[in-house]
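Student: Protein chains in written order, with the working numbering: chain A, 2 to 500; chain B, 13 to 131.
Ideal Cβ placement from N, Cα and C applies to all residues, glycine included.
This is the structure, below, for whatever I ask next.
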C-alpha cells in the first residue's frame with residue numbers, strides 16, 4: 002500500500018498570539034521535500050521584529066497561564082494529545098513529506114510517541130507534589146515550584162513533531178509560555194499542529210516562529226525577554242546559544258551530538274534463537290531514520306571470537322533493507338533530509354575509504370527511479386576500520402556504520418569511551434554480570450541494555466560530555482523549566498533577641 | 013615549501029567575499045556532532061568567544077578557520093577543502109539565508125605534509 006504526497010497551501014504564517022500572522026517584512030522561503038525535491042510550501046523568513054512580537058505575546062500571557070491550575074493545564078495537554086491521535090495519518094504523511102523518512106516510521110514511531118509525550122506530562126503534573134520540611138519545632142521550609150516565564154526552544158529537523166513534543170509539553174506543564182523555532186528544513190508538522198490546536202491554549206501561550214538561524218534563531222536565543230533557552234543541535238551552535246544566554250544570565254539545556262557505541266559480547270551467539278535475531282536487528286538499527294538520529298548506534302563493537310559469524314548476519318540483514326518510495330508502507334529507509342546532508346554523508350564515506358576503512362556493504366548514493374530520481378537517497382553502508390578513524394569519531398548523521406572488533410571487556414569499555422560524546426550506548430549480552438557492569442562503566446546518559454532506539458516517556462534522556470546536559474522525556478525536565486520558591490516560615494511567637 | 017591544512021574552492025571564496033561585504037570581519041568555526049554538525053560555520057568575528065582551546069587551522073580569504081582542540085586531535089591528519097553547495101542548514105551560519113551551505117571535502121595529508129604540520 003502506498004500513500005501520496007499530501008496537499009499544502011501556497012504559504013503559511015508564523016503562529017503568534019493565538020493566530021497565524023504574516024512575517025513583518027513579507028519575506029518567505031521555499032520549503033522542498035527531500036523525497037523528490039518538489040515544492041511543499043512557502044514559510045515565513047522571520048526576522049528580529051517577528052521574534053519581538055512573539056516574545057511580547059508570550060510575556061503578556063505568562064502571568065495568567067502560570068496561575069492556571071495543574072488540572073486545567075493537564076486537561077489542555079491531553080486535548081492536544083487527542084487531536085494529534087485523531088489525525089495520526091495526516092501528521093505522519095506531512096512528516097514523511099517534509100523530512101523524507103519512510104511512512105512506516107512516522108505512523109508507528111514519530112506520531113504515536115509524540116502523542117504519548119503530551120499525555121505523560123499531563124499526568125505528571127497531576128501526580129507530583131512539592132516538599133515541606135519541619136526544620137525545628139517552629140520552622141517550616143516549604144518548596145513551591147514556579148514557572149520561569151517565557152521559554153525559547155530551538156529544535157532540529159530529524160524528528161520535527163517528536164522533538165516539538167519532547168520540548169513543548171514539559172515547558173507548558175510547568176506553567177511557561179513557549180516560543181518554538183522549528184528547523185527551516187522541516188516547518189510543516191509544527192504548522193499543522195498549530196492549525197489543529199489553534200484554540201486550545203490562551204493566545205500567546207504557544208508561539209511558532211519560522212526562519213533561518215542567523216536571522217530568527219539568533220534574535221530568539223539572545224532575547225532579553227526570554228527566561229530560558231532549550232536547544233537540540235550541534236556543538237558550535239550550542240556554544241553560541243550558551244554565550245547569548247550568559248548575557249541574560251539565563252539557564253539553558255542542550256542536547257547535542259553523539260557517536261554512540263553498540264557493543265556485542267560473544268554470548269549473544271551462544272544460541273540461534275529469538276534473542277540473537279533481536280541482537281542482529283539491534284546492530285542494523287543504525288539505518289533507523291536514515292541514521293539521522295543523535296543516538297544513531299554508529300559505532301559497532303563486536304567481540305573478536307564471534308566477529309565473522311556475527312557480521313555475516315548483520316551484513317545480510319542490512320542488504321535486505323528496502324529503499325524505495327518513502328510513502329510506501331513496505332519501504333524501510335527513506336530520503337536523507339536535505340541536499341547538504343546528502344553531500345556531507347557521501348563525503349564521509351569517501352574519507353572513510355581514504356583512511357583505509359573497508360566497505361562491507363553499501364558505500365554509494367542510492368539511485369531511485371522516476372519521480373524519486375531527484376531525491377536524496379544513500380545506501381545503508383558498513384565500514385570496517387579502527388576507532389581512531391574520523392568515521393569512528395565524527396557524527397555523520399547518515400546511514401553509515403563503523404565497525405571494529407574488541408578482545409575483552411576492558412577493551413570494549415576503552416573503545417566505547419574513546420569519543421568526545423556521551424549520549425547513547427548499547428550493550429548486548431547474555432551474561433548477567435556484564436548486563437550491569439558494562440553499562441555502569443560507559444560514560445553516556447542513556448545505555449540501552451539488550452535493546453536500542455527505544456524512547457519511552459518516563460525514562461530520562463540526555464547526554465554526558467560534549468553531548469550536552471539536561472534530561473528530557475521525564476519529570477526531571479520539569480525542573481529545567483522551573484524556579485524553586487522556598488518559603489521559610491516561623492511559627493515562633495518570640496523574637497530573636499538581637500535588637 | 014609552506015604546507016597548509018585548509019583550502020577553499022573558487023565558488024566558496026566568492027560567497028565568503030559576498031558575506032564579508034555584508035557583515036564585515038568573519039571567522040570560520042568547524043562544528044562537531046548532530047544534525048547540522050561536522051560542517052564549517054561562518055560568523056561575524058565578534059560573535060563567537062574563542063580561547064586557547066580553539067585551534068587556528070589557517071586562513072581562507074583572510075578569514076581565520078578554527079576548530080576545537082579536542083576535535084582537532086581526530087582531524088589533524090586530514091586536509092580540508094571548504095566548498096559550497098545548495099542546501100538549507102539550521103545553524104546560525106551566515107550563508108544559510110542565501111540557500112547555500114558551506115561543506116568540507118577531506119583528504120588525508122600526504123606523508124610529507126603530515127611530517128611538516130604535525131611534528
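Quick one: what does DSSP say residue 96 of chain B is sitting in, helix, strand or coil?
Tutor: If you number the second chain from 1, residue 96 of chain B lands on position 84. DSSP places residue 96 of chain B in strand when its eight states are reduced to three.
Student: Are any of the Cβ atoms in chain A nearer than 9 Å to that of residue 99 of chain B?
Tutor: On the second chain, residue 99 of chain B is found 87 positions in, with the first residue counted as 1. It does; some Cβ of chain A falls within 9 Å.
Student: As an exercise, report each continuous beta strand (DSSP E) stretch of at least 3 residues that is fully enclosed by the segment 374-400 of chain A, in chain order.
Tutor: Counting whole runs of 3 or more residues, the segment 374-400 of chain A contains the beta strand (DSSP E) stretches 382-385.
Student: At what residues does the beta strand (DSSP E) containing residue 1 of chain A begin and finish?
Tutor: Outside the shown range of chain A, which is 2 to 500, sits residue 1 of chain A, and nothing can be said about it.
Student: Sort A:235, A:392, A:369 by Cα distance to residue 298 of chain A and report the nearest one.
Tutor: Taking the first chain and counting its residues from 1, the one referred to as residue 298 of chain A is at position 297. Nearest C-alpha to residue 298 of chain A: A:392.
Student: Return the chain-ordered list of same chain residues with a C-beta closer than 6 Å to the C-beta of residue 553 of chain A, the five sequence neighbours on each side being excluded.
Tutor: Because chain A in this structure spans residues 2 to 500, residue 553 of chain A falls outside the shown range and cannot be described.
Student: Taking the alpha carbon of residue 356 of chain A as the point to measure from, which residue in A:309, A:389, A:60, A:284 has its own alpha carbon closest?
Tutor: Walking along the first chain from the start, residue 356 of chain A turns up at place 355. The shortest C-alpha separation from residue 356 of chain A is found at A:389.
Student: Using the three-state DSSP reduction, which class does residue 77 of chain B fall into: helix, strand or coil?
Tutor: Walking along the second chain from the start, residue 77 of chain B turns up at place 65. The answer is strand: DSSP assigns residue 77 of chain B an E or B state.
Student: Cβ atoms of residue 129 of chain B and residue 88 of chain B: under 9 Å apart, would you say?
Tutor: Taking the first residue of the second chain as position 1, residue 88 of chain B is located at position 76. Taking the first residue of the second chain as position 1, residue 129 of chain B is located at position 117. Contact flag set, yes.
Student: Specify whether the segment 285-294 of chain A and the segment 330-350 of chain A touch according to this definition: at least 3 beta carbon pairs, one from each stretch, less than 8 Å apart.
Tutor: Result yes; three or more Cβ-Cβ pairs closer than 8 Å.
Student: Please return the same chain residues whose Cβ sits closer than 6 Å to the Cβ of residue 406 of chain A, not counting the five positions on each side in sequence.
Tutor: The residue labelled residue 406 of chain A in the question sits at position 405 within the first chain. Same-chain partners within the cutoff: 303, 305, 308.
Student: Taking Cβ positions only, does residue 194 of chain A come closer than 9 Å to chain B?
Tutor: Residue 194 of chain A sits at position 193 when you count from the first residue of the first chain. Not one chain B Cβ lies under 9 Å of residue 194 of chain A.
Student: Could you compute how far the alpha carbon of residue 38 of chain A sits from the alpha carbon of residue 435 of chain A?
Tutor: By one-based count along the first chain, residue 38 of chain A stands at place 37. By one-based count along the first chain, residue 435 of chain A stands at place 434. Those two C-alpha atoms are separated by around 47 Å.
Student: Could you pull out every residue in the same chain whose Cβ sits closer than 7 Å to the Cβ of residue 419 of chain A, ignoring the five residues on either side in sequence?
Tutor: Stepping through the first chain from its first residue, residue 419 of chain A is reached at position 418. So the list reads 388, once near-sequence residues are dropped.
Student: Residue 361 of chain A and residue 404 of chain A: beta carbons closer than 9 Å?
Tutor: The residue labelled residue 361 of chain A in the question sits at position 360 within the first chain. The residue labelled residue 404 of chain A in the question sits at position 403 within the first chain. Yes; because the gap between Cβ atoms is below 9 Å, this pair is in contact.
Student: Please confirm if the segment 217-235 of chain A is in contact with the segment 145-153 of chain A, defined as three or more CB-CB distances below 8 Å between the two stretches.
Tutor: They touch, by the three-pair rule.
Student: State yes or no: is the beta carbon of residue 234 of chain A nearer than 9 Å to at least one beta carbon in chain B?
Tutor: Within the first chain, numbered from 1, the residue matching residue 234 of chain A stands at position 233. So yes, residue 234 of chain A belongs to the interface.
Student: Please go through the same chain and pick out, in chain order, the residues whose beta-carbon is closer than 6 Å to the beta-carbon of residue 144 of chain A, but skip the five residues on each side of it.
Tutor: By 1-based counting over the first chain, the position of residue 144 of chain A is 143. The answer, listed in chain order, is 131, 132, 485, 487.
Student: Let's see if you can read the secondary structure: which residues bound the alpha helix (DSSP H) around residue 24 of chain B?
Tutor: Start at 1 with the first residue of the second chain, and residue 24 of chain B comes out as number 12. Residue 24 of chain B -> alpha helix (DSSP H) spans 22-35.
Student: Can you name the start and end residues of the beta strand (DSSP E) that residue 429 of chain A belongs to?
Tutor: By one-based count along the first chain, residue 429 of chain A stands at place 428. Its beta strand (DSSP E) spans residues 425-429.
Student: I'd like the list of long-range same chain contacts for residue 135 of chain A, defined as Cβ closer than 6 Å, with 5 residues on each side in sequence excluded.
Tutor: Residue numbering aside, residue 135 of chain A sits at position 134 when the first chain is read from its first letter. So the qualifying residues of the chain are 141.
Student: Using beta carbons (cut-off 9 Å, strictly below), is residue 589 of chain A in contact with chain B?
Tutor: The structure shown has nothing for residue 589 of chain A, since chain A only spans 2 to 500.
Student: Grab the span of the alpha helix (DSSP H) containing residue 341 of chain A for me, first residue to last.
Tutor: In the first chain, residue 341 of chain A corresponds to position 340, counting from 1. That run of the alpha helix (DSSP H) goes 340-355.
Student: Within a Cβ cutoff of 8 Å, which residues of the same chain sit near residue 43 of chain A, ignoring the five residues on either side of it in sequence?
Tutor: On the first chain, position 42 is the one that residue 43 of chain A refers to. Closer than 8 Å at the Cβ level, and outside the excluded window around residue 43 of chain A, lie 11, 12, 13, 29, 30, 31, 32.
Student: Is there a Cβ from chain B that is less than 9 Å from the Cβ of residue 184 of chain A?
Tutor: Looking up residue 184 of chain A in the first chain gives position 183. Yes, contact with chain B.
Student: Whose CA, out of A:98, A:184, A:81, lies closest to the CA of residue 115 of chain A?
Tutor: Here residue 115 of chain A is taken as the residue at index 114 of the first chain, counted from 1. Of A:98, A:184, A:81, the residue nearest in Cα terms is A:81.
Student: Have a look at the DSSP bridge pairing and note the partners of residue 52 of chain B.
Tutor: On the second chain, position 40 is the one that residue 52 of chain B refers to. Note: residue 52 of chain B sits in a beta bridge opposite B:42.
Student: Leaving out five residues on either side along the sequence, give the residues of the same chain with a beta carbon under 6 Å from the beta carbon of residue 380 of chain A.
Tutor: Here residue 380 of chain A is taken as the residue at index 379 of the first chain, counted from 1. Answer for residue 380 of chain A: 363, 365, 367, listed in chain order.
Student: What would DSSP say about residue 152 of chain A, mapped onto helix, strand or coil?
Tutor: Residue mapping note: residue 152 of chain A aligns to position 151 of the first chain, counting from 1. Strand at residue 152 of chain A.
Student: Taking 9 Å as the cut-off, decide whether the C-beta atoms of residue 48 of chain A and residue 327 of chain A are in contact.
Tutor: As a position in the first chain, residue 48 of chain A is number 47, starting the count at 1. As a position in the first chain, residue 327 of chain A is number 326, starting the count at 1. For residue 48 of chain A and residue 327 of chain A, no; Cβs fall outside 9 Å.
Student: Report yes if the CB atom of residue 116 of chain B is closer than 9 Å to the CB atom of residue 52 of chain B, and no otherwise.
Tutor: Counting from one through the second chain, the residue named residue 116 of chain B turns up at place 104. Counting from one through the second chain, the residue named residue 52 of chain B turns up at place 40. A contact, by the Cβ cut-off of 9 Å.
Student: Kindly indicate which residue of A:4, A:155, A:200, A:186 has the alpha-carbon position closest to the one of residue 101 of chain B.
Tutor: If you number the second chain from 1, residue 101 of chain B lands on position 89. Ranking A:4, A:155, A:200, A:186 by Cα distance to residue 101 of chain B puts A:186 first.
Student: For chain B, check one thing: does any of its Cβ atoms lie closer than 9 Å to the Cβ of residue 295 of chain A?
Tutor: Position 294 of the first chain holds residue 295 of chain A. At least one chain B Cβ lies under 9 Å of residue 295 of chain A.
Student: Give the interface partners of residue 106 of chain B over in chain A, defined as CB-CB distance under 8 Å, in chain order.
Tutor: Walking along the second chain from the start, residue 106 of chain B turns up at place 94. The contacting residues are 215.
Student: In angstroms with no decimal places, state the Cα-to-Cα distance between residue 346 of chain A and residue 397 of chain A.
Tutor: On the first chain, residue 346 of chain A is found 345 positions in, with the first residue counted as 1. On the first chain, residue 397 of chain A is found 396 positions in, with the first residue counted as 1. Straight-line Cα distance between these residues: approximately 6 Å.
Student: Please return the same chain residues whose Cβ sits closer than 7 Å to the Cβ of residue 157 of chain A, not counting the five positions on each side in sequence.
Tutor: Within the first chain, numbered from 1, the residue matching residue 157 of chain A stands at position 156. So the list reads 164, 184, 233, 234, once near-sequence residues are dropped.
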